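Chemist:
Numbering (this note's numbering), first residue to last: 85 to 1046.
1. Name the two residues that bound the continuous alpha helix (DSSP H) containing residue 562.
2. For the candidate residues 199, 925 and 260, whose alpha-carbon lies nearest to that of residue 178?
3. Please report the residue range of the beta strand (DSSP E) in which residue 212 lies.
4. Flag this pair as touching only if the stretch 216-230 and the stretch 293-309 have three or more C-beta atom pairs under 8 Å; answer yes or no.
5. Are the CB atoms of residue 307 and residue 526 within a distance shorter than 9 Å?
6. In whole angstroms, give me the CA-to-CA distance for residue 1030 and residue 517.
7. DSSP three-state label for residue 856, please.
8. So, is residue 772 buried or exposed, given that buried needs 16 or more other C-beta atoms within 10 angstroms?
9. If you follow the alpha helix (DSSP H) that residue 801 is in, where does it begin and where does it stop?
10. Excluding the 5 residues preceding and the 5 following residue 320 in the sequence, name in chain order all residues of the same chain whose CB lies nearer than 7 Å to its CB.
11. What residues match up with residue 370 in a beta bridge as DSSP calls it?
12. Who are the Cβ neighbours of residue 733 in its own chain at under 8 Å, not counting the five residues just before and after it?
13. Are residue 570 and residue 498 touching if we call contact CB-CB under 9 Å?
14. Taking the alpha-carbon of residue 795 as reference, which of 805, 813 and 783 has the nearest alpha-carbon?
15. Going by the DSSP bridge assignment, what does residue 937 pair with across the sheet?
16. Per DSSP, what kind of secondary structure is residue 242 in: helix, strand or coil?
17. Have a look at residue 336 and residue 440 and give me their C-alpha separation to the nearest angstrom.
18. Can we say the stretch 428-437 touches the stretch 397-414, given the rule of at least three CB pairs closer than 8 Å?
19. Tell me which same chain residues have a C-beta within less than 6 Å of the C-beta of residue 951, skipping the five on either side of it?
20. For residue 802, which residues in the same chain have their Cβ closer than 7 Å to its Cβ, ignoring the five residues on either side in sequence?
21. Considering only residues of the stretch 222-291, which uninterrupted beta strand (DSSP E) runs meet the minimum length of 3 residues and lie entirely inside it, listed in chain order?
22. When the Cα atoms are used, what is the spatial distance from residue 942 to residue 744?
23. Hey, would you say residue 961 sits closer than 9 Å to residue 811, going by beta carbons?
24. Checking 9 Å against the spacing of the C-beta atoms, do residue 496 and residue 522 come in under that value?
25. If you reduce the DSSP assignment to three classes, tell me which class residue 140 lands in.
26. Whose C-beta lies closer than 6 Å to the C-beta of residue 978 among residues of the same chain, with five residues either side of it excluded?
27. Evaluate contact between the stretch 912-926 and the stretch 882-892, counting only Cβ atoms and requiring at least three cross-stretch pairs below 8 Å.
28. Just to check, is the beta-carbon of residue 347 closer than 8 Å to a non-hydrogen atom of the ligand SAM?
29. Given residue 940, which residues of its chain have a CB within under 6 Å of its CB, disregarding the five upstream and five downstream residues?
30. Would you say residue 483 lies against chain B (beta-carbon separation less than 9 Å)?
31. Report the option in 783, 782 and 766 whose CA atom is closest to the CA atom of residue 797.
32. Applying the criterion that 16 or more other CB atoms from any shown protein chain within 10 Å of the CB defines a buried residue, is residue 998 buried or exposed?
33. Roughly how many whole angstroms lie between the Cα atoms of residue 1027 and residue 538?
34. At a cut of 8 Å, does the stretch 327-336 reach the stretch 286-297 through at least three beta carbon pairs?
35. Assign residue 1092 to buried or exposed, taking buried as 16 or more other Cβ atoms, counted over all protein chains shown, within 10 Å of its Cβ.
36. Quick one: residues in its chain with C-beta nearer than 6 Å to the C-beta of residue 477, no 5 flanking neighbours on either side, listed in chain order?
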């Protein structure tokens, strides 16, 4: 599911010339035999592991299937194409309901309401290949697998298929037996698929689920007729579910990196070829005997306006003859869409072969041509080919197309026999379930985004493998999707007011975590937890966001149609009956004020409400309470009274460049600094409160953050003492002026200065380790050997004189919170070739420079090539120039020292503390050479880049090209 888009999607459709290989759809079942190539297109039926028959694709995209009347006896194993084996476990019709904790949800609903939880009054739309083409509907109704015929509405039956739509309906019926079922085939064309979504929405379906994917859907762009239709029905209030796919991690993705001067591919010629590793264009793949190749390759060019064309050559290799071309895949000429679809069978022996990726419309004479950027090659589920080279499975995953649409819930598959209901914890994701998370590079109009958006798919998981009349056991994400959709029907019955976003949050929060979020999302959803939360929410007013915007002051956004006013006691709590999900509130007045605000999860452990104040917004309260919940402050939160505790310990998270003010004492909550340039203000002047009333635990306080004690004059403070996590500000006579609980600090990690209002501002520091080489006009010199006046080379190429070099020694073994001061090692080549050129040690808060951002070293720790080191002692240095600038440390851009009043923390400060009256948030913003960032897409991208480089380096050591 993509995060909400900024602009309206233009229905670009699947435009462009479609070759015989260019349009394939997949039913997201797993297990059918491989279709043969058709003249006008090819059909791939299978996001399940359940089919026990073969099918062939005719010239009209027809599928020839045998009659299936009832489930055969479960064999111990079933042979699939090319020897693949799928075990059948014989789990019964109700096994998915048990794995989803549906019986417990039914009992909860009966106890709370006296009613029957069965999906009554709700409609679900199903899109798949066919429903009753094989004539098994009446037998399924008679056997109790489907509701009465009057509750089944086939709007558009498939001309061909294996009735996978009926199998999906049976799974839904096992969980929500009173729901109306609507069916529309999705296998005619992408445009008819989209029409089916729209039609089902117009018929009043509350939930829609599909298990079909067309292989020419966009990987990287938020566009297409199917995606558009999904986003339209979701915007109208329909909950949409789709199969995440059965592609596992069988893909190759890279930023197209042309080999300099072109490369002579045997049988193809000299072309602009992607550099897979060290000047080699060859990525290894393992093929089974007479392998089926069913793949799609796409690149980051706009649909409808593609200006490049990529091809792929398949090569064999032996030591005597080298590489030999065995097949070449192209679109046959430049097309308007950045897509190459191929479905064919190779008459080759099993073994290792090699793919090379190249530009088909570029010639060497063109020189340095603009390349298409990122590209991805996915072997679809019916392929009997597997990537095995250095880049196999590294990147944004195999989930693609409308499974990434805004508001769509892409569902992964968990084996029904490997769930807590079967005594297995944590639940086990099927190995074939597609890896995420997906990434969007272009907006709907085809404009390249400044920063790619991570799509967060799959969203969560549901079981597969239970019995139906269509398949002995229904395996694949094709089965998982309708199971999840059916649970949403139960949740809607418990509270019909839930928004689509709230439904997603409820299901996510109900989930039992799997081993990995990459292929399992939030985990295996639980109906009992989700329904219980909906029952609680239904008992009190909730935020509905039905007013056409997310303005707090719009009455239509509240279920009781009343806007919280200056005398309102606003509660955002699941435990006390008010459901929220994640609250995103925008104030449409300059200063919004309410009487009290309580954010509390109560005793209901499945709910931890999170209230978010958007950037540039201000919310003022007379009294603020937080318990078993969190408040994310991205703007300004003003509490004119004390910070009160609720039913348990809560957290206030102060985001980057945000402000949180409390005028009174603090409860035993957590105040967490989540980024740089965050400000916490305690405005009380009560000496009793300052000395003993600061009960909250403050964490993640780092360089760039400020704690402003406006009621304590800086002129009265003489020193700062740290004992464990207790920070004492003392007067010249040694008396305690203020006491705070700040985790991970030491006497040398904190400094204080006069705040802009005359109060006392606490800040933190950051440094280089000894031995770090700094680039100067005299060459690279160890930081401890620099002299005042030495000229260092800045990022802009200027020679800037050193004005001061500070140093401090730390005994880490005696530090109260050693992780706060242990050095971070960025290994040589972690971020780029020879960057850094040697292992670089920095203090955790020392920032490196990347793309205009200053990123603290600790934010990049990935456990691979950027790690925190265990040391008992360390000496840190910092270099001051005429201005805050970027210098080169081991050839990695990093910040110089910025004097913010912390010079006295260094052993050679040379004098008394110099207070800086202008020190405040504005000072850092106006005098820093970059934007401080500890989280967000820039940080995540750089950290992921380092991790990917580590994987490639390890693979390169293990793998040698022939």
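Glycine is no exception: its CB is placed at the ideal position from the N, C-alpha and C atoms. Here the structure is a predicted model, which is why all the values come from computation and not from measurement.
Modeler: The short version:
1. Here the alpha helix (DSSP H) through residue 562 covers 561-578.
2. Shortest Cα-Cα distance from residue 178 to any of 199, 925 and 260 involves 260.
3. Run containing residue 212: 207-212, per the beta strand (DSSP E) assignment.
4. No, they do not touch.
5. It is a contact, given that the beta carbons lie within the stated cut-off.
6. Taking the straight line joining both Cα atoms gives about 26 Å.
7. Coil.
8. Exposed, since its Cβ has fewer than 16 Cβ neighbours within 10 Å.
9. That residue, residue 801, is in no alpha helix (DSSP H); it is neither H nor E in DSSP.
10. Excluding residues within five positions, the ones whose Cβ falls inside 7 Å are 285.
11. Beta-bridge partners of residue 370 (DSSP): 436 and 470.
12. Excluding sequence neighbours, residue 733 sits near 711, 712, 752, 753 and 754.
13. Contact: no.
14. Considering only 805, 813 and 783, the residue with the shortest C-alpha distance to residue 795 is 813.
15. Answer is 934 and 1015.
16. Coil at residue 242, not helix or strand.
17. Answer to the nearest angstrom: the Cα atoms are 11 Å apart.
18. The stretch 397-414 and the stretch 428-437 touch, with three or more beta-carbon pairs separated by less than 8 Å.
19. Within the same chain, residue 951 has close Cβ partners 909.
20. Taking C-beta separations shorter than 7 Å and ignoring five residues to either side along the sequence, the partners of residue 802 in its chain run 814, 815 and 816, following chain order.
21. Taking only runs of at least 3 residues, the beta strand (DSSP E) segments lying wholly in the stretch 222-291 are 236-240 and 264-269.
22. Cα-Cα distance, rounded: 24 Å.
23. Taking C-beta atoms as the reference points, residue 961 and residue 811 fail to come closer than 9 Å.
24. No, the pair does not count as a contact, with Cβ atoms beyond the cut-off.
25. Confidence at residue 140 is low in this model, with a pLDDT of 26, below 50, so its placement is unreliable and the value that follows should be read with caution. Residue 140 falls in the coil class under three-state DSSP.
26. Cβ within range, chain order: 932.
27. Contact between the stretch 912-926 and the stretch 882-892 is absent, because fewer than three Cβ pairs lie under 8 Å.
28. Looking for the ligand SAM in the displayed structure turns up nothing, as the structure carries no ligands at all.
29. Close CB contacts of residue 940 within its chain, under the 6 Å cut and outside five residues either way in sequence, are with 929, 931 and 1018 (chain order).
30. No chain B appears in this structure, which consists of one protein chain only.
31. Minimum Cα distance to residue 797 is reached at 766.
32. Per-residue confidence for residue 998 stands at a pLDDT of 26, beneath the threshold of 50, marking its modelled position as unreliable; the derived number appears in the next sentence. Burial is judged here by how many other beta carbons sit within 10 angstroms of a residue's own beta carbon; residue 998 has fewer than 16 and is exposed.
33. One C-alpha to the other measures close to 14 Å.
34. Contact holds: three or more Cβ-Cβ distances are below 8 Å.
35. With the chain covering only 85 through 1046, there is no way to say anything about residue 1092.
36. Non-local C-beta neighbours of residue 477 in its own chain, meaning closer than 6 Å and more than five positions away in sequence, comprise 333, ordered along the chain.
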